[in-house]
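Student:
There are 2 protein chains.
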Amino acid sequence: MLDAGVRVFSRRGYHGASMDEIADEAGISKPMVYAYLGTKEELFVACLHREGTRMMEAIAGAAAPDLPADERLWRGLRAFFGFVGAHRDGWSVLYRQARAEPLFTGELTVMRARMVEVVAGMLDHALRAEGREVAETELEVVAYALVGATESLADWLADRPEADPEKTATRMMNVAWLGAGQLLQGITWRPPGG
Amino acid sequence: MLDAGVRVFSRRGYHGASMDEIADEAGISKPMVYAYLGTKEELFVACLHREGTRMMEAIAGAAAPDLPADERLWRGLRAFFGFVGAHRDGWSVLYRQARAEPLFTGELTVMRARMVEVVAGMLDHALRAEGREVAETELEVVAYALVGATESLADWLADRPEADPEKTATRMMNVAWLGAGQLLQGITWRPPGG
DNA sequence: GAGCATACCTACTCATGCGTAGGGTTACGC
DNA sequence: GCGTAACCCTACGCATGAGTAGGTATGCTC
Chain A
0 MLDAGVRVFS
10 RRGYHGASMD
20 EIADEAGISK
30 PMVYAYLGTK
40 EELFVACLHR
50 EGTRMMEAIA
60 GAAAPDLPAD
70 ERLWRGLRAF
80 FGFVGAHRDG
90 WSVLYRQARA
100 EPLFTGELTV
110 MRARMVEVVA
120 GMLDHALRAE
130 GREVAETELE
140 VVAYALVGAT
150 ESLADWLADR
160 PEADPEKTAT
170 RMMNVAWLGA
180 GQLLQGITWR
190 PPGG
Chain B
0 MLDAGVRVFS
10 RRGYHGASMD
20 EIADEAGISK
30 PMVYAYLGTK
40 EELFVACLHR
50 EGTRMMEAIA
60 GAAAPDLPAD
70 ERLWRGLRAF
80 FGFVGAHRDG
90 WSVLYRQARA
100 EPLFTGELTV
110 MRARMVEVVA
120 GMLDHALRAE
130 GREVAETELE
140 VVAYALVGAT
150 ESLADWLADR
160 PEADPEKTAT
170 RMMNVAWLGA
180 GQLLQGITWR
190 PPGG
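Protein chains in written order, with numbering that gives the first Met the number 0: chain A, 0 to 193; chain B, 0 to 193.
#1: Using only CA atoms, which one of A/A179, A/L93 and A/H124 lies nearest to A/L145?
#2: Ordered along the chain, which non-local residues of its own chain (more than five positions away) have a Cβ less than 8 Å from that of B/R10?
#3: So within the stretch 61-140 of chain A, which uninterrupted alpha helix (DSSP H) runs reach at least 4 residues, ignoring any that extend past its ends?
#4: Chain A partners of B/T38, CB-CB under 7 Å?
#5: Between A/L93 and A/E50, is the Cβ-Cβ spacing less than 8 Å?
#6: Select from B/E139, B/G84, B/L138 and B/A112 the residue whose C-alpha is nearest the C-alpha of B/E150.
#7: Tell me whether B/V41 sits in a helix, a strand or coil according to DSSP, three-state version.
#8: Apply the 10 Å Cβ neighbour rule to B/M121 and answer buried if 16 or more other Cβ atoms are within range, or exposed otherwise.
#9: Pick from A/L47, A/D158, A/V5 and A/E70: whose alpha carbon is nearest that of A/G105?
#10: With DSSP run on the structure shown, which of helix, strand or coil describes A/E58?
#11: Shorter than 8 Å from the beta carbon of A/T187 to some beta carbon of chain B?
#12: Taking any Cβ of chain A, which residues in the stretch 103-129 of chain B have a Cβ under 8 Å from it, in chain order?
#13: Tell me the DSSP secondary structure of A/I27 in three-state form.
#14: Which residues mark the beginning and the end of the alpha helix (DSSP H) in which A/A3 is found?
#15: For the candidate residues A/W73, A/G60, A/V5 and A/V118, whose alpha-carbon lies nearest to that of A/E41?
#16: Considering only residues of the same chain and omitting the five flanking positions on each side of A/K39, which have a CB-CB separation below 7 Å?
#17: With distances taken Cα to Cα, identify the nearest neighbour of A/R170 among B/N173, B/M172 and B/V140.
#18: Look at the alpha carbon of B/A153 and the alpha carbon of A/G81, and state the distance between them as a whole number of angstroms.
#19: Are the CB atoms of A/F8 and A/F43 nearer to each other than 8 Å?
#20: For the stretch 13-45 of chain B, enumerate the residues whose C-beta is nearer than 8 Å to any C-beta of chain A, in chain order.
#21: Looking at A/Y33: is its Cβ nearer than 8 Å to the Cβ of A/M0?
#22: Compare the C-beta of A/T169 against all C-beta atoms of chain B and say whether one is closer than 8 Å.
#23: What is the DSSP secondary structure of A/R170, reduced to helix, strand or coil?
#24: Can you list, in chain order, the residues of the stretch 147-161 of chain A whose Cβ is nearer than 8 Å to any Cβ on chain B?
#25: When DSSP labels each residue in this structure, what does B/W176 get in the three-state scheme?
#26: Going along chain B, which residues have a C-beta under 9 Å from A/D62?
#27: For B/M172, return the contacting residues in chain A, with the cut-off set at a CB-CB distance below 8 Å.
#28: Leaving out the 5 sequence neighbours to the left and right, which residues in its chain are closer than 7 Å to B/M54 when beta-carbon positions are compared?
Structure representation (structure tokens):
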């Protein structure tokens with residue numbers, strides 16, 4: 000039933016989806032949907048939650064905390080893109096629909112914050128291993144950028160059924176790691192004339 | 000009048016915005032809106048178009064094509080940040096709305112092509128200067144990642160009034176350039192055991 | 001088999017909001 | 001002063017779709 004919701008929401012968008020169509024897709028009647036999952040808004044949040052949780056679990060399960068940073072990042076990215084590739088509908092619901100609708104931005108902010116926390120923790124861990132340290136804000140910014148870039152590529156992937164998730168993960172890793180790798184070595188770029 | 004549209008659309012979202020409210024915001028009556036700009040859908044496209052064009056011009060104007068690649072990227076990024084920062088309720092919000100709504104995917108494809116053209120063209124130019132060449136898809140992916148990261152940082156910035164835009168742009172440049180810089184040198188990361 | 005609960009459906013109410021019809025107002029020509 | 005034309009308004013028609021009322025079938029208890 001949530002599956003039906005996710006399918007229809009991703010096909011039509013939150014507003015374009017009618018409860019009739021969702022009920023139809025699930026093979027039951029509308030009052031049943033209301034009986035089990037409440038209003039349209041609640042139904043959407045339920046879908047959002049489930050897809051988000053599944054994704055988090057997929058990533059957390061892949062990126063074991065005792066691995067070296069690049070390996071962790073790679074596995075995390077691969078799990079992420081693998082998930083998006085396999086659940087294009089779910090991704091569309093999560094990040095396209097939820098982002099556009101002011102009603103759901105709160106939910107989404109929480110999820111992203113958790114993602115950023117994970118990534119920042121990864122970088123922090125790698126830095127401490129080398130005896131270096133960086134202000135928390137600095138890490139947060141880098142993590143934000145990486146998460147944003149990854150989300151963006153996930154969108155790219157979701158629009159291209161022929162694209163390979165594995166290959167996309169590798170590309171992302173190139174951008175993320177070669178950038179982050181330099182940063183971890185203490186190399187920074189400076190604005191000209193600054 | 001388009002200004003009113005942009006304001007209301009970004010405040011309420013595409014569906015949440017009513018033509019009455021837009022007309023009210025513009026200080027005229029609804030039939031006037033229809034007389035000048037047609038249906039709600041056409042109005043939205045017009046807003047999207049204008050904001051997108053403005054942003055493109057801001058970036059293209061800042062990043063002169065005869066500069067070295069890092070300088071171009073830096074100026075482009077700064078212009079991008081400046082624009083998104085100054086038009087917080089403008090382009091990025093509309094863009095988000097458009098992505099969620101299947102109605103606008105066509106229009107969006109065109110805009111995206113132009114965006115990618117600007118960012119990827121920058122990278123492509125740098126590559127050709129070194130006599131190297133990379134598949135168009137490859138460039139598109141990198142461009143996507145960079146734009147996504149930048150948007151994400153713009154969000155980060157918007158939530159923190161005390162943060163410095165210039166400094167944030169520098170951080171973004173660090174991630175983007177040190178990553179892209181390595182890539183331009185032909186250095187690529189490979190998956191372990193691949 | 002009467003009473004009752006569960007599970008589900010058809011068919012409705014009602015609010016919302018896009019798009020428009022038709023009426024008023026001002027300015028100008030004659 | 002009267003026609004008329006440009007301009008803009010109020011006030012409505014109408015479709016859509018969220019949420020619900022009230023009915024029907026099946027099964028379970030005593």
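Backbone N, C-alpha and C define an ideal beta-carbon position, used for all residues, glycine too.
Tutor: Quick look at the numbers:
#1: A/A179
#2: A16 and D88
#3: 68-85, 87-90 and 104-128
#4: The contacting residues do not exist; B/T38 stays about 16 Å from chain A at best.
#5: yes
#6: B/G84
#7: Val is not the amino acid found at residue 41 of chain B; the sequence shown has Glu there. Here B/E41 sits in helix by DSSP.
#8: buried
#9: A/L47
#10: For clarity, residue 58 of chain A is Ile in the given sequence; the question names Glu instead. Helix at A/I58.
#11: yes
#12: none
#13: coil
#14: L1 to R11
#15: A/V5
#16: M18
#17: B/V140
#18: 27 Å
#19: yes
#20: Y13, H14 and G15
#21: no
#22: yes
#23: helix
#24: G147, A148, T149, E150, S151, L152, D154 and W155
#25: helix
#26: Residue identity check: residue 62 of chain A is Ala in the sequence provided, not Asp. Those do not exist, as A/A62 stays about 14 Å from chain B at its closest Cβ, beyond 9 Å.
#27: W188 and P190
#28: F82 and W90
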